[in-house]
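Written out below as structure tokens is the structure these notes cover.
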Ligand SMILES: C[S@@+](CC[C@H](N)C(=O)[O-])C[C@H]1O[C@@H](n2cnc3c(N)ncnc32)[C@H](O)[C@@H]1O
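In the numbering used here, the protein residues as written are 431 to 649.
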């Protein structure tokens, strides 16, 4: 679902400060130096940055990178980061697939989130869902032994799809707990999408994964 949001007026210097160039054949120097920073947390499909800005405020010594392909939502994420005076957050205006095809393992990646990515309920649109074998493979390429991948959804059909995609990727990823899904995560920051789902009575499912080749003692 493409964003129907309008663009907002945002000073170009703010965009330049918070949005890193991705690069074409190889990653830009700016991105390369940012993702080498300690304690990196990435959110794919970060939308207006509600979740990631809260995390950046909560953990000032970590570095946060939000990825979204919709220009108006990245503008709003930048505005939000600036309003909070944050310097430990940056954004990529790109598809997550393109971003992960350029980002290498950095040794610093602690967490990756895919929160409430579009469920694309109609069968003919399922191929647009971002949780797919190819994306899981790209994400696995950047994960460290310590990295936890969080995939969060409130959509019943998409939940089953995600579980099935994770099962199919079990040579690459394993559950953090006994099962892929956990019922609750403490202190998960709310976003508009999360609140809309809760207001409709939806339950939220959190899928947590690590690299399959990591020992269980890490949990
Ligand atoms: C339903 S919104 C959720 C936003 C946010 N994660 C939240 O919880 O509020 C999904 C977001 O994913 C973005 N998106 C969809 N497909 C994408 C892709 N392939 N790469 C990057 N962003 C994508 C959309 O632009 C949109 O902002």
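For every residue, glycine included, the Cβ atom is placed at its ideal position computed from N, Cα and C.
Chain-order list of residues whose beta-carbon lies under 8 Å from that of residue i (same chain, five-residue window excluded)
i, result
"residue 587", "549 and 551"
Buried versus exposed, by CB contacts within 10 Å (16 or more), residue i
i, result
"residue 482", "buried"
"residue 615", "exposed"
"residue 439", "exposed"
"residue 567", "exposed"
"residue 633", "exposed"
"residue 479", "buried"
"residue 629", "exposed"
Proximity to residue i [Cα-Cα], best of the options
i, options, result
"residue 641", "465, 606 and 439", "606"
"residue 493", "597, 540 and 479", "540"
"residue 608", "576, 627 and 637", "637"
"residue 639", "518, 512, 621 and 595", "595"
"residue 561", "629, 644 and 590", "590"
"residue 613", "622, 441, 621 and 584", "584"
"residue 500", "620, 572 and 547", "547"
"residue 434", "538, 477 and 555", "477"
"residue 445", "486, 523 and 465", "523"
"residue 515", "629, 556, 490 and 538", "490"
Own chain, CB closer than 6 Å to residue i, minus 5 neighbours either side, in chain order
i, result
"residue 495", "472 and 520"
Beta-carbon contacts of residue i that lie in its chain and below 7 Å, excluding the five residues immediately before and after
i, result
"residue 458", "450, 451 and 452"
"residue 644", "575"
"residue 460", "450 and 451"
"residue 569", "530, 542 and 579"
"residue 536", "465, 466 and 470"
Assumed close pair residue i, residue j - CB separation to whole angstroms, cut-off 8 Å
i, j, result
"residue 581", "residue 529", "Their Cβ separation, rounded to whole angstroms, is 17 Å, which puts residue 581 and residue 529 out of contact at 8 Å."
"residue 598", "residue 563", "6 Å"
"residue 448", "residue 503", "Not a contact, Cβ separation roughly 13 Å."
"residue 565", "residue 527", "6 Å"
**beta strand (DSSP E) runs contained entirely in the region 520-587, provided each spans 3 or more residues** = 539-545 and 578-583
**Item:** Residue ranges of each alpha helix (DSSP H) within the region 610-647, 4 or longer
**Value:** 622-629
**Message:** Which complete beta strand (DSSP E) runs does the region 449-502 hold, if anything under 3 residues is left out?
**Reply:** 470-474 and 493-498
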